[in-house]
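Following: one structure in structure tokens, then a few remarks.
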Amino acid sequence: KIEETRTKIQNIRDAKGDFANVPKYLFWKNNGEEIQFLNSFYKPTSLTVAPTGWIRLDWGQHLTTNIIDGVTLDKAIARLFVTGKSELFPYDQATFDSYQGKLKQNPGY
91 KIEETRTKIQ NIRDAKGDFA NVPKYLFWKN NGEEIQFLNS FYKPTSLTVA
141 PTGWIRLDWG QHLTTNIIDG VTLDKAIARL FVTGKSELFP YDQATFDSYQ
191 GKLKQNPGY
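First residue of the sequence shown: 91, per the working numbering; consecutive thereafter.
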């Protein structure tokens, strides 16, 4: 699943396959009671600069520029994961305690 996620993020970033139509930018404005979007979440746009009154939001473009510790997002996802060592359960300590030692959490987390 990790490699699949990395590939999907790469495809969004590169506008390939199922993600070929993800726009680089979304344009929106607040009309007082609701948020209005100028363009679709699912169709590319040729706009790169926000029209007057609109705000530009990096969408697919964000994945090309987002860097964690000097690593692009597609490579940063779970880069420190080690099978058999780094798994984390999404449970709080109270849940673990209630299972009386039947669930094991990775030490140090």
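Glycine included, each C-beta is placed from N, C-alpha and C at the ideal position.
The beta carbon of V161 sits closer than 7 Å to the beta carbons of R169 from its chain, once the five residues preceding and following it are set aside; these are given in chain order. Just measuring C-alpha positions, the residue of K119, D182 and V112 sitting nearest I145 is K119. Around the beta carbon of V139, a 10 Å sphere encloses fewer than 16 other beta carbons of the protein chains shown; the residue is thus reported as exposed. Per DSSP, the beta bridge partners of Y115 are D148. Taking the Cα positions, H152 is about 8 Å away from K114. CA-CA distance, F117 to N129, rounds to 6 Å.
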